[in-house]
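Participant:
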Amino acid sequence: MTGRRRLGMVAAIATLLASAPLSAIFDTWTWLLQTTLVVLMIAGSAVATRSLRFPTWAQAIGMVVALLVTLTWIYPNGGEVLIPTPGTLAHFADLVQQAGEDTRSYGVPVPDRDGLLFVAVLGIGLVAIVVDLLTAVFRRPALAGLPMLAIYSIPVAVYLDSVPVAPFIIAAVGYLWLLVADNVDRVRRFGRRFTGDGRDVDVWEPSPLAAAGRRLGVAGVVVAVLLPLAVPTVSGGLLSRITQSGTGVGNGLGSGGGRINLFASLSGQLQQTNTVNLLKVTTNEPDPFYLRFGVADTLTDAGFSNQSPTGSALSRGSLPDPQADQSTNQASSFDRYHAEIEVTDGLRQNIAPIYSYLVGINGITGSWAYDSSQQVLFSGRSTTSEQKYSIDYLRPKYTASQLRNAPTLAENDLIRQNFTKVPPDEAVDGKVQKLIKGKDNDYDRVRAIYDSFSRDNGFTYSLTTQAAGNASDIAAFLEKKEGYCQQYAAAMAWMVRAAGIPARVAFGFTRGTPEDTDTYVITNRNAHAWTEVYFQGFGWVPFDATPAANVSGSARSAWAPDTDSPEPAASASTGAAAPGATSSAAAGAADRPDRSNDGTDSGTSDALTPAAGSSNALPIAVLVTLLVALLLVPAVRRILLRRRRHAVTTGPPPVQATVEGTGDTITDIVVTTEEGRARADAHAAWDELIDTMIDFRVPVDPTETPRHTAQRLIRDAVLTGDPAEAATLLGTAEERARYARQPLQGAELTTALTRLRSGISHSATPRARFRATFLPPSVFLSWRLALSEASTRTVEAASRLRDHTTRFSPRRLLKSSR
C-alpha cells in the first residue's frame, strides 16, 4: 500500500477517534455505527480512486458521492435505490429542520432522533473528507486538527460545566497517530536510515529530535488532561467530583453540579440515597408555595419536554406587572412578598429558582433574562452556582368558586391551540371523557381529573415503575397506578389537555425544611414536578396530583386539596387560600429532613436526580487501587520474567544422537539434552544480565563480546568481590554457549545473577534503584519493540493485501483487451 493510501486509512480511523465526544451527546451508540459506516465508505472511495490514479478533484468528488450514497442508504426517502433524487435532498432538508427543533426540545443525552443522527453523521462525514484531503493529498496533517477540534467543540457548547475528559483523550490519540503516520511516511520515501556506527534505525524512530518532539507532545497532552483533573480547585476536576456529596448528571439535577433536563419522563426508575443542600430561602410569606425554575409544555408520545425560554434581559428595564395582565386580572387580589435566595455550588444551572409572578430582582450576577409567559429566569452563559439574590413577587389569591366561574377559552384562542395538543390515545381519551362527563365548567373538569389520582382509586407512590407492552407510557401509568412526581404531573397535564383545557408541567422545589420562622433549607429531596392549568382571567393555576404524604415540603390549596386527607386541607373560612397558604395533610414531612419522599426511611426520594454513591470512601478506594495496580504492572512483569529465567528445570535423561558422514571422512556429532539445557540456561542468564544493565542505565553495546561486556560492567558499576566474580562467570557462560563446542555446565547461574543484581543495586543511586524496581526500563523497551514489530507486521500484511488486490485492477483488464 502506497503512502497516500495508507495515510488515507489512518485519516479515516483518526476521524472516527475524533468523533468520540459525540458519546456525551447521544443516549445510545447508534450514531457510532452509522458514523463508522459512512467513514469507511468514504475511505474506501478514496483508496479506490487513488488506486486508479484519479486526479485530486475526482478523488474529492468520489468521496462526496460515497457520502451521499451512504446517507441515502441510511436515511431513505422511500422511492430511491441508493441513488439520491430531488426527493432525497428534500428529505435531508426536513431532517436538518427536525434537528433544529430537537435541539430546542431535548437536553443531553438526547435520544436517537433521525434529525439529530443525520446531522451528526453528515458532519462527521464532511470532516472525514476534509481530513483525508489535508492528510493524503495536501500533506498538511497538522491542519486536520482544526475540523477534529470542531467536533470536540460540540459538547463544549452544550455542557454548562466541564465536558467529559475521556473523549478528548481518545480524540488526541487519533490526532497524534495521524501526525506520527505522516512523519513515518516521509521517512519511508528515503528508505531506511543508518546511524554513524553502521546500525540501521527503524522508521518509527526517524531521528532523536523527532522522537523528543513526539515525547514532548504526548507528555503535553497527558499533563493537559490530568492536571485539571487532579487540581481540586478546578471546577469539575476529578478530586472535586469525588469529594462532593453526590455525583451524577442525568435527567434532572446533578447533585454534584449538573444540568437540568426538563423532560418529564413517564417511565423509568429514580433513586437518591443521600441529601445535598441546594438552596436557602428566607421569605416573609407565611406559607410559601413552590419555587419554580422551568416548565415543560411540548407534548410527545414520550412525555413533556421544554421549549427554550425567550424574554427581555433584566438590564433593559422593569419586569411586567401581573396585575395589569388581562390573563390574570380577575384574581381577587395580589399580595406582595420579598424573599432572599442563596444557592450553593451543588445547584449549577442556567435557570434560576424563583417564585411565581416575579416583579423585582436584585443581586444576581451575570446576564439574565425573564420569560413572563413561562415565568422563567434564564441565562445563556451565567449559572446559579453560589448566587445570592433577592426577589419581590406577587401571590394571587382566588377561591374554588372564582375558578369555577372562569369562562372557557374560545376554540381559536392561541393559548388553547398551543397547550391542548396531545398525541392520539384511545385509552386516555376514553378515561378522560368518563371522568368529565356531566361537568359544565373547566374547573370541575380539572377537579374530576385531579381527584382521580387518589389512594381510594388505587394510585400509589413508587420510584420504580414498569412499562406495559406497546401501550403509551401514560396509559401504562394510568393502568398500573404507580409512579412518582413527574409521572403524576405529566399524566394530569395530558388528561387535562385531552379535556380541551390548556395545561403544562412545572419543575422546581417544594418549600423545604423550616430552619426558623421564615427560612427554609431546600435539598435535592425537595426537587419536584407538578401541573399548571390555565384559566381565563386567572392565568396558570398550580395543581399537585402527587400524593402529599410522599412529598417532603408538600403544599396544598383550597382549590386543589389533598385527596387522601380525611379532612380538607383548607376550609372555606380561610378565605383566600393562596398557593401554599395551607399545608397539606403531610405538612409535618417538612420537619423531617431525614424522611424520604416515599414516606419511608429507605433513603429514596422523589428528587429529579439520578442515583448517587452512598459513600465517598468506596470510589476513592477503588480509584487508588486501580492507580496502584496500574503503576505496579511493569514491576510485576519484570519480577515474573526474572523468576521464569531463574527457574531450574529438569529434563529427560541424556539422549545421544550420532550423525555419520559418507566417504572416507566420518564425523560423529554427539548432542545431549544436558548440553542443550546448559546453552539455554546461559542464554537466559545473559538476557537477564542485559535487562539488569538496562534497568540500572548501564550502557549496552550489542557489538561487544560477552567477556568484554562483563568486564565493562565490572568497571562501570564498580563491582568487587562476589558481584564481580558473578559478572565474570555469566560472561564466560554466555561466551562458551555461543562459541565453544562444550558449554559451561553445572555453574550456579541463578546465584550469580542474584549477587550481580545486588552489587549493581548497591552501587546505584536511590533514584536508579527505585526506577529499576518499579519502572524497569527493560520492560518498557520490550513493549516498545513488540509494538514496533506488530506495526511492521500489520504494514506488511496490508501491503500484501494491496498487492493481491492490484492483480484484479480494472486498468489491467482494459490493457489486456487492447
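Converting from the sequence shown to the numbering used here requires adding 261 to each position, the first position being numbered 1.
Note that CB positions come from ideal geometry on N, CA and C, so glycine has one too.
Apply the 10 Å Cβ neighbour rule to His-352 and answer buried if 16 or more other Cβ atoms are within range, or exposed otherwise.
Facilitator: Translated into the one-based positions of the sequence shown, residue 352 becomes position 91. Burial call: buried.
Participant: Classify Glu-996 as helix, strand or coil using the three-state DSSP reduction.
Facilitator: For the purposes of this step, residue 996 is identified with residue 735 of the sequence shown, where counting begins at 1. Helix at Glu-996.
Participant: Per DSSP, what kind of secondary structure is Asp-632 in: helix, strand or coil?
Facilitator: To locate residue 632, count along the sequence shown from 1; it is residue 371. In the structure shown, Asp-632 sits in a strand (DSSP, three-state: E or B).
Participant: Identify whether Thr-626 lies in helix, strand or coil by the three-state DSSP scheme.
Facilitator: Position 365 of the sequence shown, counted from the start, is the residue given in the question as residue 626. In the structure shown, Thr-626 sits in coil (DSSP, three-state: anything other than H, G, I, E or B).
Participant: According to DSSP, is Phe-799 helix, strand or coil?
Facilitator: Here the question's residue 799 lines up with position 538 in the sequence shown. Phe-799 falls in the coil class under three-state DSSP.
Participant: Would you report the Cα separation of Ala-872 and Ile-762, rounded to the nearest angstrom?
Facilitator: As a position in the sequence shown, residue 872 is number 611, starting the count at 1. As a position in the sequence shown, residue 762 is number 501, starting the count at 1. For Ala-872, the predicted structure reports a pLDDT of 39, less than 50, and the residue's modelled location is therefore unreliable. A value from the coordinates is still provided. Each residue's alpha carbon lies about 36 Å from the other.
Participant: Apart from the five residues on each side of it in sequence, which residues of its chain come closer than 6 Å, Cβ to Cβ, to Gly-924?
Facilitator: On the sequence shown, position 663 is the one that residue 924 refers to. Caution applies to Gly-924, whose pLDDT of 46 falls short of 50 and renders its modelled position unreliable; the value that the coordinates give is listed next. No residues qualify anywhere along the chain.
Participant: Sort Gly-578, Thr-966 and Arg-656 by Cα distance to Pro-803 and report the nearest one.
Facilitator: By 1-based counting over the sequence shown, the position of residue 803 is 542. When only C-alpha atoms are compared, the closest one is Arg-656.
Participant: Identify whether Ser-1129 lies in helix, strand or coil by the three-state DSSP scheme.
Facilitator: Residue 1129 cannot be examined here, being either before or after the span of the chain that is shown, 262 to 1079.
Participant: Given this structure, state the Cα-to-Cα distance separating Thr-964 from Ala-971, to the nearest angstrom.
Facilitator: In the sequence shown, the residue the question calls residue 964 occupies position 703. In the sequence shown, the residue the question calls residue 971 occupies position 710. Spanning the two alpha carbons is a distance of roughly 13 Å.
Participant: Cβ of Ala-764 within 9 Å of Cβ of Val-757?
Facilitator: Position 503 of the sequence shown, counted from the first residue, corresponds to residue 764. Position 496 of the sequence shown, counted from the first residue, corresponds to residue 757. Yes, they are a contact pair.
Participant: Taking C-alpha atoms, which residue in Val-556, Ala-574, Leu-560 and Leu-608 lies nearest to Thr-536?
Facilitator: Within the sequence shown, residue 536 is the residue found at index 275, counting from 1. For Thr-536, the nearest C-alpha among the options comes from Leu-608.
Participant: Counting Cβ pairs, one atom from each stretch, are 3 or more of them under 8 Å apart for the segment 628 to 647 and the segment 680 to 694?
Facilitator: Touching, no, given that fewer than three Cβ pairs across the two stretches are closer than 8 Å.
Participant: Measuring only the C-alpha atoms, how far is Glu-687 from Asp-703?
Facilitator: On the sequence shown, position 426 is the one that residue 687 refers to. On the sequence shown, position 442 is the one that residue 703 refers to. Roughly 22 Å separates the two Cα atoms.
Participant: How long is the line joining the alpha carbons of Phe-714 and Ile-430, rounded to whole angstroms?
Facilitator: Mapped onto the sequence shown, residue 714 falls at position 453. Mapped onto the sequence shown, residue 430 falls at position 169. If I take the Cα positions, the gap works out to 50 Å.
Participant: Helix, strand or coil for Gly-376, going by three-state DSSP, please let me know.
Facilitator: Stepping through the sequence shown from its first residue, residue 376 is reached at position 115. Correct three-state label for Gly-376: helix.
Participant: Could you tell me the distance, in whole angstroms, from the CA atom of Ala-411 to the CA atom of Pro-372?
Facilitator: Here residue 411 is taken as the residue at index 150 of the sequence shown, counted from 1. Here residue 372 is taken as the residue at index 111 of the sequence shown, counted from 1. Cα to Cα, the separation comes out at about 22 Å.
Participant: Relative to the C-alpha of Ser-723, which candidate in Ile-735, Ala-736, Glu-743 and Asp-717 has its C-alpha closest?
Facilitator: The count along the sequence shown starts at 1 and reaches residue 723 at position 462. Residue Glu-743 is the option with its Cα nearest to Ser-723.
Participant: In chain order, what residues of the same chain lie with their CB nearer than 7 Å to the CB of Leu-1036, ignoring the 5 residues before and after it?
Facilitator: The residue you call residue 1036 lines up with position 775 of the sequence shown. Here the set comprises Pro-895.
Participant: Can you tell me whether Gln-610 is buried or exposed, with buried defined as 16 or more other CB within 10 angstroms of its CB?
Facilitator: As a first step, residue 610 must be located in the sequence shown, where it is residue number 349. It is buried - the Cβ of Gln-610 has at least 16 other Cβ atoms within 10 Å.
Participant: Quick check: what's the CA-CA separation for Ala-327 versus Ser-306?
Facilitator: Taking the first residue of the sequence shown as position 1, residue 327 is located at position 66. Taking the first residue of the sequence shown as position 1, residue 306 is located at position 45. Their backbone Cα atoms lie some 7 Å apart in a straight line.
Participant: Find the nearest neighbour of Asn-567 within the set Arg-577, Ser-573, Ala-574 and Val-556, judged by alpha-carbon distance.
Facilitator: Taking the first residue of the sequence shown as 1, we reach residue 567 at position 306. The candidate whose alpha carbon is nearest that of Asn-567 is Val-556.
Participant: Below 6 Å CB to CB, which residues in the same chain sit around Pro-572 once its five sequence neighbours on both sides are set aside?
Facilitator: Locating residue 572 in the sequence shown gives position 311, where the first residue counts as 1. Before going further, note that residue 572 is Gly rather than Pro in the sequence given. Closer than 6 Å at the Cβ level, and outside the excluded window around Gly-572, lie Ala-630, Tyr-631 and Asp-632.
Participant: What is the DSSP secondary structure of Leu-552, reduced to helix, strand or coil?
Facilitator: Here residue 552 corresponds to residue number 291 of the sequence shown, with the count starting at 1. Reduced to three states, the DSSP call for Leu-552 is strand.
Participant: Please list, in chain order, all residues of the same chain as Ala-752 whose beta carbon is under 6 Å from its beta carbon, the five residues on each side excluded.
Facilitator: Position 491 of the sequence shown, counted from the start, is the residue given in the question as residue 752. Only Ile-735 and Phe-738 meet the Cβ criterion.
Participant: So, are the CB atoms of Pro-211 and Ala-275 less than 9 Å apart?
Facilitator: Any answer about residue 211 is impossible in this case: the structure gives the chain only from 262 up to 1079.
Participant: In or out: Glu-647 buried (at least 16 other Cβ within 10 Å) or exposed?
Facilitator: Within the sequence shown, numbered from 1, the residue matching residue 647 stands at position 386. With fewer than 16 other Cβ atoms within 10 Å, it is exposed.
Participant: Check whether the Cβ of Ile-390 lies closer than 9 Å to any Cβ atom in chain D.
Facilitator: In the displayed structure, chain D is absent; only one protein chain is listed.
Participant: Roughly how many angstroms lie between the CA atoms of Asp-238 and Thr-605, to the nearest whole one?
Facilitator: Nothing about residue 238 can be read from this structure; the chain reaches only from 262 to 1079.
Participant: Considering Cα atoms alone, identify which of Ala-788, Pro-345 and Gly-339 is closest to Val-330.
Facilitator: Residue mapping note: residue 330 aligns to position 69 of the sequence shown, counting from 1. Of the listed residues, the one whose Cα sits closest to Val-330 is Pro-345.
Participant: First and last residue of the beta strand (DSSP E) that includes Leu-1010?
Facilitator: For this step, residue 1010 is matched to residue 749 along the sequence shown. Here Leu-1010 belongs to no beta strand (DSSP E); instead the alpha helix (DSSP H) covers 1010 to 1024.
Participant: Out of Asp-983, Gly-937, Ser-1052 and Leu-664, which one is the CA nearest neighbour of Trp-801?
Facilitator: As a working note, residue 801 is residue 540 in the sequence shown. Ranking the options by Cα distance to Trp-801, first place goes to Leu-664.
Participant: Just to confirm my understanding: we take Pro-1004, look at its own chain, exclude 5 residues before and 5 after, and list those with CB closer than 7 Å. What are they?
Facilitator: As a first step, residue 1004 is located in the sequence shown; it is residue number 743 there, counting from the start. Within the same chain, Pro-1004 has close Cβ partners Glu-936, Ala-939, Arg-940, Ala-943, Arg-997 and Ala-998.
Participant: Return yes when the Cβ of Phe-770 is within less than 9 Å of the Cβ of Leu-394, no when it is not.
Facilitator: The sequence position of residue 394 within the sequence shown is 133, counting from 1. The sequence position of residue 770 within the sequence shown is 509, counting from 1. Cβ atoms of Leu-394 and Phe-770: not closer than 9 Å.
Participant: Is Ile-1021 near Val-959, with beta carbons less than 9 Å apart?
Facilitator: Position 760 of the sequence shown, counting from 1, holds the residue named residue 1021. Position 698 of the sequence shown, counting from 1, holds the residue named residue 959. In this structure, Val-959 lies closer than 9 Å to Ile-1021 by Cβ.
Participant: Quick one: Cα of Val-388 to Cα of Ala-309, how far?
Facilitator: Within the sequence shown, numbered from 1, the residue matching residue 388 stands at position 127. Within the sequence shown, numbered from 1, the residue matching residue 309 stands at position 48. Cα to Cα, Val-388 sits roughly 19 Å from Ala-309.
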